[in-house]
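Residue numbers (our numbering): 4 to 158.
The beta carbon of each residue, even a glycine, is placed where N, CA and C say it ideally should be.
Okay, structure first, notes after.
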Amino acid sequence: MRIRSLTLAAAALATVLPALAVADPLDDAIKARKGYYQLLGHNAGMLFGMAKGEIAYDAATASAHAENLRALAALDTGSMWPAGSDNVAKAGQTRALPVLWETFPSVMDKHTDFTNAANTLAANAGNGLNALRANIGALGNSCGACHDTYRAKNF
Ligand code: HEC
Numbered sequence: 004m005r006i007r008s009l010t011l012a013a014a015a016l017a018t019v020l021p022a023l024a025v026a027d028p029l030d031d032a033i034k035a036r037k038g039y040y041q042l043l044g045h046n047a048g049m050l051f052g053m054a055k056g057e058i059a060y061d062a063a064t065a066s067a068h069a070e071n072l073r074a075l076a077a078l079d080t081g082s083m084w085p086a087g088s089d090n091v092a093k094a095g096q097t098r099a100l101p102v103l104w105e106t107f108p109s110v111m112d113k114h115t116d117f118t119n120a121a122n123t124l125a126a127n128a129g130n131g132l133n134a135l136r137a138n139i140g141a142l143g144n145s146c147g148a149c150h151d152t153y154r155a156k157n158f
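In structure tokens form, the structure reads like this:
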């Protein structure tokens with residue numbers, strides 16, 4: 004009985020794994036990086052809300068969101084940017100402009116600015132509303148600077 008269910012489990016895996024492997028790698032990468040940026044948007048959005056006074060400031064919560072941004076900034080997202088996944092080749096699916104690939108690795112400078120802003124915010128966001136406000140501008144600018152150059156306004 005035990006052996007039989009193991010065999011079944013192996014058979015189930017054998018059916019699942021090839022199915023995953025044949026999924027379009029470009030589509031997968033686009034989905035993954037959008038998910039990545041949605042996580043940035045969620046965590047940054049909570050902090051922007053607190054800084055604006057739309058969400059009540061809470062030191063532990065602010066710290067947690069800023070730490071999430073620090074951790075996300077440290078992720079290696081290299082595999083999420085395969086050649087041919089720009090908004091010309093994959094129109095309607097992505098807003099990533101071809102210039103991102105044409106001028107690579109310049110985009111990494113923008114990512115470094117974001118990393119530095121996230122690290123500074125993570126060290127300060129829990130030290131009171133004024134400390135959050137003093138450091139949130141640099142974070143917002145780091146998002147906007149990259150979007151201005153590398154992201155299309157619309158799909
Ligand atoms: C290094 C460049 C870069 C930085 C820094 C950056 N972004 Fe983006 N962002 C992009 C690109 C490129 C896209 C388009 C991705 C796509 O459509 O494939 C994007 C897309 C997004 C999206 C839309 C995701 C979707 O579902 O289509 C959100 C939300 C977002 N970014 C928020 C942020 C926030 C918030 C920050 C800062 C905390 C940030 N980004 C920093 C380059 C950047």
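When the Cα atoms are used, what is the spatial distance from Val-91 to Ala-155?
-> Working through the sequence shown from its first residue, we reach residue 91 at position 88. Working through the sequence shown from its first residue, we reach residue 155 at position 152. Whole-angstrom Cα-Cα distance: 11 Å.
Can you give the Cα-Cα distance for Ala-99 and Gly-38, rounded to whole angstroms?
-> Here residue 99 refers to the residue found at position 96 of the sequence shown. Here residue 38 refers to the residue found at position 35 of the sequence shown. Rounded to whole angstroms, Ala-99 to Gly-38 spans 14 Å at the Cα level.
Does the ligand HEC have a heavy atom nearer than 7 Å to the CB of Ser-145?
-> Translated into the one-based positions of the sequence shown, residue 145 becomes position 142. Result yes, Cβ under 7 Å from the ligand HEC.
In three-state terms, what does DSSP make of Arg-73?
-> Looking up residue 73 in the sequence shown gives position 70. Residue state, collapsed to three classes: helix.
So what does DSSP say about Ala-94, is it helix, strand or coil?
-> Numbered from its first residue, the sequence shown carries residue 94 at position 91. It is coil, neither helix nor strand.
Can you tell me whether DSSP reads Ala-12 as helix, strand or coil?
-> On the sequence shown, position 9 is the one that residue 12 refers to. Three-state result, Ala-12: helix.
Under the rule that 16 or more other beta-carbon atoms within 10 Å means buried, what is Met-4, buried or exposed?
-> Residue 4 sits at position 1 when you count from the first residue of the sequence shown. A caution first: Met-4 carries a pLDDT of 49, below 50, which makes its placement in the model unreliable, though a value can still be read off. Exposed, by the Cβ-count rule.
Cβ-heavy atom distance, Ile-139 to the ligand HEC, below 7 Å = Looking up residue 139 in the sequence shown gives position 136. No - the ligand HEC has no heavy atom lying nearer than 7 Å to the Cβ of Ile-139.
CB of Leu-78 to nearest heavy atom of the ligand HEC: below 7 Å?
-> As a working mapping, residue 78 is identified with position 75 in the sequence shown. The answer is no for Leu-78.
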